[in-house]
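This report concerns only the one structure given below.
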Amino acid sequence: MSKKSAQSNRERAAAALREQQRQEARRRNLMVGGVVGVLVVAVVAGFLWMRANDSSGDIAAPAAGSEFGLTIGPEGAPREVIVYEDFHCVHCADLESRTRDDLTAAAEAGDVRVEYRPIAFLTQYSVRAANAFKVVLDESGPDIAKTYHDLLFENYDEASGSEDGLDDDTLVSLAGEAGADEDAVRDGIEQVTSQGWVDDATKAAEDAGVQGTPSVLLDGEPVSGSSEDIANSLAKAVG
Amino acid sequence: MREWLGLVARLVTGGVWIWAGALKLGDSYQSVQAVRAYELLPESLVEPVGYLLPVLEVVVGFALVVGVLTRGAAVLSALLFVVFIIGIASAWARGLQIDCGCFGGGGYDPGAEAAYPWEIARDAALLLASLFLVRWPRTRLSLDSVLFRPTAA
Chain A
1 MSKKSAQSNR ERAAAALREQ QRQEARRRNL MVGGVVGVLV VAVVAGFLWM RANDSSGDIA
61 APAAGSEFGL TIGPEGAPRE VIVYEDFHCV HCADLESRTR DDLTAAAEAG DVRVEYRPIA
121 FLTQYSVRAA NAFKVVLDES GPDIAKTYHD LLFENYDEAS GSEDGLDDDT LVSLAGEAGA
181 DEDAVRDGIE QVTSQGWVDD ATKAAEDAGV QGTPSVLLDG EPVSGSSEDI ANSLAKAVG
Chain B
1 MREWLGLVAR LVTGGVWIWA GALKLGDSYQ SVQAVRAYEL LPESLVEPVG YLLPVLEVVV
61 GFALVVGVLT RGAAVLSALL FVVFIIGIAS AWARGLQIDC GCFGGGGYDP GAEAAYPWEI
121 ARDAALLLAS LFLVRWPRTR LSLDSVLFRP TAA
């Protein structure tokens, strides 16, 4: 065999090796691309599935004037707002402080009817506070109950420290501050006599599709977003 | 030896991801609420992220458990842990009392303060396992070793 043909054999072998390596890399890239593609499709499909299953937009709540709420503003007002709230919920307290003045003024002007529906989604304090609210509502009427409701949220920071929230004495003295007769409401607050009402109200809210607090409906439509977004939407609607 | 350690890291980290993600898959609303509770993202991003995270967790977990694209999955896994550690630390620093929402749940939790250090420690340990796989992605019993075996010497 001549020197020349040995050299060309080596070159051919080297070329074949390079070709094989090229095909190897090609196969590898196709494989990686294919697997990445499958995983991306899985993520996109899962994302769409999660979005389709978000039922927070479906709340079929009864209109204002239900047995589980406190209503301000005249019947037949042009706008209606329903607020599901929990006295132990930080965003409810936040929403309250952002919306109270606007909603109260608009209700007094006859522009909106607002129903506050306290429910107990979070802790035992949620139940005790909603119970205390109901006791005051029954004993002292809606005006004092509204003031009490406001005071409970104003004292949220103190209640937020523990699962126990505000103690019974504080619940009673706040009722007194709101204008209720402390002796008349003390038993009901200490014995949690309206727990059945709280349970029913919470059950009714769940049945209506409420999944968390605060849940706000404007003219029957759920208002989505953070408490700041909700407050802005309400301000725009009733302002 | 290192390849067996890698297998353990894959199974533990991937298993945790699948478990954490699967618990959230059934409840889109709660997942969104858990993200919202951190008060870190603008509202327009809260929903997409709430929908995406559980799915991403399950897919990354699946890739790690079967050992496919191990390095890429481990990089994503490590990034997610970094994000979660930052989220939890920032909630802790701002005095928020929220359930981390790591395994479903989320939102207000009065006992949160006591849980934060453990959650961060757990995520840091899993972050290290992920980084191990980024550095040494070749592991035992992986799909990668089947898919990407050289066809000829």
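Protein chains in written order, with UniProt numbering: chain A, 1 to 239; chain B, 1 to 153.
Built from N, CA and C at the ideal position, the CB exists for glycine as well.
Predicted, not measured: the structure shown is a model, and the values here were computed from it.
For residue j and residue i, the rounded distance between their alpha carbons
i: residue 87 of chain B; j: residue 72 of chain A; result: 40 Å
i: residue 99 of chain B; j: residue 197 of chain A; result: 28 Å
i: residue 148 of chain B; j: residue 135 of chain B; result: 18 Å
i: residue 120 of chain A; j: residue 32 of chain B; result: 20 Å
i: residue 43 of chain A; j: residue 33 of chain A; result: 15 Å
i: residue 35 of chain B; j: residue 17 of chain B; result: 17 Å
i: residue 137 of chain B; j: residue 71 of chain B; result: 5 Å
i: residue 49 of chain A; j: residue 105 of chain A; result: 42 Å
i: residue 143 of chain A; j: residue 127 of chain A; result: 21 Å
i: residue 193 of chain A; j: residue 204 of chain A; result: 19 Å
i: residue 237 of chain A; j: residue 93 of chain A; result: 21 Å
i: residue 153 of chain A; j: residue 87 of chain A; result: 6 Å
i: residue 23 of chain A; j: residue 146 of chain B; result: 17 Å
i: residue 10 of chain A; j: residue 21 of chain A; result: 16 Å
i: residue 78 of chain A; j: residue 41 of chain A; result: 47 Å
i: residue 153 of chain B; j: residue 8 of chain A; result: Confidence at residue 153 of chain B is low in this model, with a pLDDT of 42, below 50, so the placement of that residue should be treated as unreliable; the coordinate-derived value is given next. Between residue 153 of chain B and residue 8 of chain A, the C-alpha separation is close to 22 Å.
i: residue 30 of chain B; j: residue 191 of chain A; result: 33 Å
Proximity below 8 Å, CB of residue i to CB of residue j
i: residue 234 of chain A; j: residue 111 of chain A; result: no
i: residue 133 of chain B; j: residue 9 of chain B; result: yes
i: residue 115 of chain A; j: residue 151 of chain A; result: no
i: residue 201 of chain A; j: residue 60 of chain A; result: no
i: residue 126 of chain B; j: residue 67 of chain B; result: no
i: residue 171 of chain A; j: residue 158 of chain A; result: no
i: residue 69 of chain B; j: residue 78 of chain B; result: no
i: residue 28 of chain A; j: residue 228 of chain A; result: no
i: residue 58 of chain B; j: residue 22 of chain B; result: yes
i: residue 113 of chain A; j: residue 80 of chain A; result: yes
i: residue 215 of chain A; j: residue 125 of chain A; result: no
i: residue 181 of chain A; j: residue 140 of chain A; result: yes
i: residue 163 of chain A; j: residue 213 of chain A; result: no
i: residue 113 of chain B; j: residue 97 of chain B; result: yes
i: residue 139 of chain B; j: residue 39 of chain B; result: no
i: residue 65 of chain B; j: residue 101 of chain B; result: no
i: residue 89 of chain A; j: residue 51 of chain B; result: no
i: residue 188 of chain A; j: residue 147 of chain A; result: no
8 Å Cβ cutoff, residue i in contact with chain A
i: residue 84 of chain B; result: no
i: residue 154 of chain B; result: A query on residue 154 of chain B cannot be resolved here, the shown segment of chain B reaching from 1 to 153 and no further.
i: residue 152 of chain B; result: Here residue 152 of chain B scores only 48 on pLDDT, less than 50, and its place in the model is too uncertain to base an answer on.
i: residue 78 of chain B; result: no
i: residue 28 of chain B; result: yes
i: residue 142 of chain B; result: no
i: residue 38 of chain B; result: no
i: residue 63 of chain B; result: yes
i: residue 43 of chain B; result: yes
i: residue 137 of chain B; result: no
i: residue 23 of chain B; result: no
i: residue 66 of chain B; result: no
i: residue 10 of chain B; result: no
i: residue 35 of chain B; result: no
i: residue 49 of chain B; result: no
i: residue 55 of chain B; result: yes
Test: residue i CB closer than 8 Å to a CB of chain B
i: residue 99 of chain A; result: no
i: residue 53 of chain A; result: yes
i: residue 120 of chain A; result: no
i: residue 193 of chain A; result: no
i: residue 184 of chain A; result: no
i: residue 136 of chain A; result: no
i: residue 4 of chain A; result: no
i: residue 87 of chain A; result: no
i: residue 46 of chain A; result: yes
i: residue 90 of chain A; result: yes
i: residue 39 of chain A; result: yes
i: residue 35 of chain A; result: yes
i: residue 130 of chain A; result: no
i: residue 198 of chain A; result: no
Residue-level contact to chain D via CB, residue i, 8 Å cutoff
i: residue 233 of chain A; result: Structure shown: chain D not included; protein chains present are A and B.
Residue i CB to nearest heavy atom of the ligand GTP below 7 Å
i: residue 113 of chain B; result: Of ligands this structure carries none, so the ligand GTP is not represented either.
Taking the runs of the alpha helix (DSSP H) that are 4 residues or longer, which of them lie wholly in the UniProt domain "Thioredoxin-like fold" (69–227) of chain A?
90–108, 124–140, 142–154, 156–159, 168–178, 182–190, 195–208
Using a beta-carbon distance cut-off of less than 8 Å, what residues from the region 154–178 of chain A approach chain B?
160, 161, 162, 163
Entirely enclosed alpha helix (DSSP H) segments - the region 8–46 of chain B, minimum 4 residues:
28–37
Could you run through the region 116–134 of chain B and flag, in chain order, every residue whose CB is less than 9 Å away from some CB of chain A?
none
List in chain order: all unbroken alpha helix (DSSP H) runs of 4+ residues lying wholly within the region 2–79 of chain A.
3–52
Identify each residue in the UniProt region "Disordered" (208–239) of chain A for which the Cβ-Cβ distance to at least one residue of chain B is less than 9 Å, and report them in chain order.
211, 212, 224, 225, 226, 228, 229
Taking a Cβ distance cut-off of 9 Å, strictly less, list which residues of the region 7–28 of chain A are near chain B, in chain order.
20, 23, 24, 27, 28
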